[in-house]
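For the sequence shown, this note's numbering assigns the number 7 to the initial residue and increments by one for each residue that follows. We treat Cβ as the ideally placed atom computed from N, Cα and C, and that holds for glycine. All values reported here derive from a predicted model rather than from experimental measurement. So the structure is just underneath, and the comments pick up after that.
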Amino acid sequence: MKQKSPQINHLSFADDVIIFTSTDRHSMKIIMNTLKEYEHTSDQLINKEKSHFMIPSNTSQNIIDSIQEVTGFSKKDSPITYLGCPLYIGR
Numbered sequence: 007m008k009q010k011s012p013q014i015n016h017l018s019f020a021d022d023v024i025i026f027t028s029t030d031r032h033s034m035k036i037i038m039n040t041l042k043e044y045e046h047t048s049d050q051l052i053n054k055e056k057s058h059f060m061i062p063s064n065t066s067q068n069i070i071d072s073i074q075e076v077t078g079f080s081k082k083d084s085p086i087t088y089l090g091c092p093l094y095i096g097r
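What follows is the structure in structure tokens.
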């Protein structure tokens, strides 16, 4: 990755990856380009129909629309269950 790329914090479980990032369009585009590079290099495809993003409930619709436009992912409401454990946004 380029030196000025955002630090990507992630968790990997089973065959899934959870990525934590800001709502900055530039950062999201860099992450999506990295995922496209992974697809090209590994010959594995990311299933966008099974890919989602979570965001606090007080987030503006403009930001939600921007995330959907950049990623192609759908919004999931919190909490969700992952491998039997609930995932929440907040403290």
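Simplified DSSP state of ILE25, which is helix, strand or coil:
Note: ILE25 maps to strand in three-state DSSP.
Using only the alpha-carbon positions, how far apart do ILE25 and PRO85 sit?
Taking the straight line joining both Cα atoms gives about 16 Å.
Extent of the continuous beta strand (DSSP E) to which THR87 belongs
First-last of the beta strand (DSSP E) with THR87: 86 to 88.
Residue of GLY90, VAL23 and GLU55 minimising C-alpha distance to LYS81:
Nearest option by C-alpha distance: GLU55.
Pick helix, strand or coil for SER80, following the three-state DSSP scheme.
SER80 sits in a strand when the DSSP states are folded into three classes.
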